[in-house]
Amino acid sequence: MEKKYFKLQLKSALKLYPTILLLTVFIITAVAGACAVLISKSSSSQDKQKIALAVVGDLENTYISVGLDALEHFDSSRFYIDIAEMKQDEANEALKKREISGYLYIPDSFVNDINSGKNTHARYFTLNNPTGFGTIVSNEIVLVASEIITETQNGIFAMQDVAHQSNAKNVNGKTDELILAYLTALIDRTALYQNTTLGIADSLTFAEYYVCSIIILFMLFWGVSCNRLFSSRHVLFSQQLKLGGLKARTQVMCEFLPYLIITFITLCAVFLVLALTIPFTNLDISLFDGMNSIFTVIKIIPVIVMITMLQFAVYEIFSHTLSAVLLQFMLTIILGYFSGLFYPNHFFPEIIQKLSVFLPVGTAFAYVRGVASYSVIVWETLGVLIYTAAFAFIAVKIRKYKISEDTK
Amino acid sequence: MTVLKKCFVWYRKLTKRLLHQWSIVVLLCLVPAVIPLTNLAVSQESGVLHITVYSDGTADKITNSLISQDSIIRFSKADSPENAKKAVARHKADAAWIFADDFLKKLDSFASGKENEPIIEIVERESSIPLSISREKLFSSIYRDYSFSIYKNFVYTEISDSLTDEKLYEQYISYGNGESVIDVYQIDGKVPDTQNINYLNAPIRGLLALVTLLCAMTSAMYFLKDQQNGKFDWMPIKRRLPIAFAYCLSVCVLASAVMLGSILISDISKGFLAEIISILLFALQTSLFCTVFCIIFRSPGKLGAMLPGFMIIIMALSPIFFNLKVLRPIRLMLPTHYYLYSIQNSNYYLYSILYCISAGIVIAVINALLPSRVSRTVI
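Here it is, written out as structure tokens:
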């Protein structure tokens, strides 16, 4: 009876598989398209990550034009900031289109006013709701620039005062000399640091981190595609099976295993496709490096079991398919957000980082990241196993409850 | 009054079935319930980078000022250079800044040109743009002392060596009024509310919009299911599209109310009036968008099956987590695009209205082209 029911379920799953696969191909195309843009944005070229800023207003002044020239051609900031000279209308339009993160408006005679101690302010314009990374970072850069100008101004004015008090000759010449000393110090600022890069030995690059995130996201969305597998279930049928001697636990297992098998087959296919295509891209992702992709899919079997079990439990709790699909989406978005699938988890405060490890998606994600970075993942494995057992327990209990309710 | 009453009766009829599903009610309540968690995340110390700083007593003032700053970089203190490096190696920090012992003295020597060796050791996990930018933050943190040293050494060598360091420092700080020479404004001319700027709660609005869109899609599926079951067989086909629109709008209004409540209790609200205008326009756009889906997908199964893919595409192309500048024609079709931009740019209110008019015309044209025969599966 058990074997027969399992075979029947497997047959039914395989019959629906082409349709599910077709939908999955659509989902993969959607996810892959989005991720390809994202990953290429992060790793292919540093130019694409540069913070784009614009300068408008009085750009004719010698100091301003020399400063802009320095920023564009030989200052270390040229590697991460792109500065364009624009007219205010153009800059406004570019800002609205988010082509730039902000623009600096330099009022007429700004430099002369600063030189003469007048309190003239430049204005930096940013978006109305400055929440993007580039915008927030550019705001910080502006504050840094402001601080440097203020301190330099203090030094120059203080020197001029001391020079006047000491009856020094040629104060203007000395001012120019000091400005030059400040400019030299500013451009040579990298000489203050000694930089060592440790490399990423036991941790992941940005691209690898997001590949792990995509694996989890794919599994979560895969459950949504498989709704047709579960939509035809009826309590009366479960009750009849019970009368035929098939316990709730056995029923759950016989229905779950075919789902697990087709999930595993699909993931193997996805990994195979990635292993064959990634070498032709400029992405360096060790997870899909030839044979590594096969080992990776084997190593993440506990996570595959856990997530499929979670989805099975959701379909068991919400017998209405539409509600189950809605819940899967919500879970993916909410748990995914707090578990670091969208933003890297180190962006979050420590309390959320600690909490996320205890969330089912967080545990699964930590496990996959551990596998990808060849780290020891004892606690993550334990967490995944506990969650799998808990979801299986919930699914069986609910099935039991449904059967008993119907019998009453 | 009678019209209003009629509308209310219809609204109740259209939403009753959905609200009778306890699971839908739970899901709608789940959304505002998550907001306090995001508020907690925002209120805690966080940053896109974590940098650990070591200094002996001489640079403590600099370290403390870095730690107390409101920045997207999270700074922490390390008790030894070795521990700072270990934190980076163990992925506990993205970088370590180790100030040389007797830092201020060495900085002074560096400014005078007597010292050429680096005086800050930076250890990074990998080279990245945010880490490069963080070094500017480091420079600005030491710049006050560095600038003073440059000025002091210049005075001693070029003007007079009879003055004391204290006297020169007094002169130096007498000009500092603590005022920034660059004022920051939003594009609308207002001063940004820096207290409420946080990248962590930035995607909340977009995610809430996605939930509303999802609810409207669900409603479209209900309409298609009802049509498939023959509920509208008595009705001429051409009159069914307004019904489809009413199905979507009724749920959209409900989900939008939840969305509005969630936004108001979160830290991202831009004021009640601005929020309500944006949300009303969004609800209208979303209802029209989903009505078009009712025309394209004739069966609820097909729409349900394609839903995950659509949601991923919408999530990727809307400016929720990332602002991808690809597939502009598709982005222009998404209601989320207009809603999320309308918060930053009031021109998008006008674009939203234009979107509604265009979608309305498209639906009306399709409606006019529909055959008048009665069919269960075709609108």
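If you read the sequences in order, they're chains A and B.
In short: position in the first sequence from 1, add 783, done, that's this note's numbering.
In short: position in the second sequence from 1, add 4, done, that's this note's numbering.
For each residue, glycine too, the CB sits at the ideal point set by N, CA and C.
- Within chain A, His904, Ala905, Arg906, Tyr907 have C-beta atoms less than 8 Å from the C-beta of Asp187 of chain B, given in sequence order.
- Check the Cα spacing between Pro207 of chain B and each of A:Leu1124, A:Lys1180, A:Ala1172: the tightest is with A:Leu1124.
- Looking from the CA of Ser266 of chain B, the closest CA among B:Gly210, B:Gly117, B:Lys229, B:Arg302 belongs to B:Gly210.
- Taking 8 Å as the threshold, the shortest C-beta distance from Pro1132 of chain A to chain B falls below it.
- Ser1156 of chain A places its beta carbon less than 8 Å from that of Leu987 of chain A.
- Check the Cα spacing between Tyr355 of chain B and each of B:Thr340, B:Glu183, B:Ile367, B:Ala368: the tightest is with B:Thr340.
- Counting along the chain, Val838 of chain A sits inside the beta strand (DSSP E) bounded by residues 834 to 840.
- For Leu264 of chain B, no beta strand (DSSP E) encloses it; the enclosing alpha helix (DSSP H) starts and ends at 244 to 269.
- If you draw a 10 Å sphere on the C-beta of Glu934 of chain A, you find 16 or more other C-beta atoms in it, and that means buried.
- With contact defined as three or more Cβ pairs closer than 8 Å, the region 1025 to 1038 of chain A and the region 787 to 797 of chain A are in contact.
- Leu878 of chain A and Ile191 of chain B have their C-alpha atoms some 8 Å from each other.
- Taken atom to atom, the span from the alpha-carbon of Thr222 of chain B to that of Leu1105 of chain A is near 7 Å.
- DSSP places Asn978 of chain A inside the beta strand (DSSP E), whose first and last residues are 976 to 980.
- At least 8 Å separates the CB of Ala1175 of chain A from every CB of chain B.
- For Met869 of chain A, no Cβ of chain B is located within less than 8 Å of the residue's own Cβ.
- Between the C-alpha atoms of Ser75 of chain B and Asp64 of chain B there is a straight-line separation of about 18 Å.
- If you check each beta-carbon in the region 74 to 87 of chain B against every beta-carbon of chain A, the ones closer than 9 Å belong to Ser75, Ile76, Ile77, Arg78.
- Thr1046 of chain A does not reach chain B, its nearest Cβ partner there being about 15 Å away, counting only Cβ pairs nearer than 8 Å.
- Taking the Cβ atoms as the reference, Val185 of chain B lies roughly 5 Å from Ser929 of chain A, within the contact range of under 8 Å.
- Look at Phe1131 of chain A here: in three-state DSSP terms it is coil, with no helix or strand label.
- Taken atom to atom, the span from the alpha-carbon of Phe227 of chain B to that of Pro196 of chain B is near 44 Å.
- Contact between Ile1100 of chain A and Ile1181 of chain A holds: their C-beta atoms lie close to 6 Å from each other, under 8 Å.
- Counting only residues of its own chain and dropping the five nearest sequence neighbours on each side, Thr1046 of chain A has a CB closer than 7 Å to the CB of Trp1005, Ile1087, Thr1091.
- Here DSSP, grouped into helix, strand and coil, assigns Ser80 of chain B to strand.
- When secondary structure is reduced to three states using DSSP, Glu934 of chain A falls in the helix class.
- Judged by DSSP in its simplified three-state form, Asp74 of chain B adopts coil rather than helix or strand.
- For Glu140 of chain B, the enclosing alpha helix (DSSP H) stretches over residues 133 to 158.
- Excluding five sequence positions before and after Ile1044 of chain A, the CB atoms of its chain that fall closer than 8 Å to its own CB belong to Leu793, Ala796, given in chain order.
- For His856 of chain A, no Cβ of chain B is located within less than 8 Å of the residue's own Cβ.
- Secondary structure within the region 297 to 382 of chain B: the alpha helix (DSSP H) runs of 4 or more consecutive residues, fully enclosed, are 304 to 321, 332 to 335, 339 to 346, 351 to 373 (chain order).
- At the C-beta level, Phe857 of chain A and Ile962 of chain A stay beyond 8 Å of one another.
- C-alpha of Ser859 of chain A to C-alpha of Ile137 of chain B: approximately 10 Å in a straight line.
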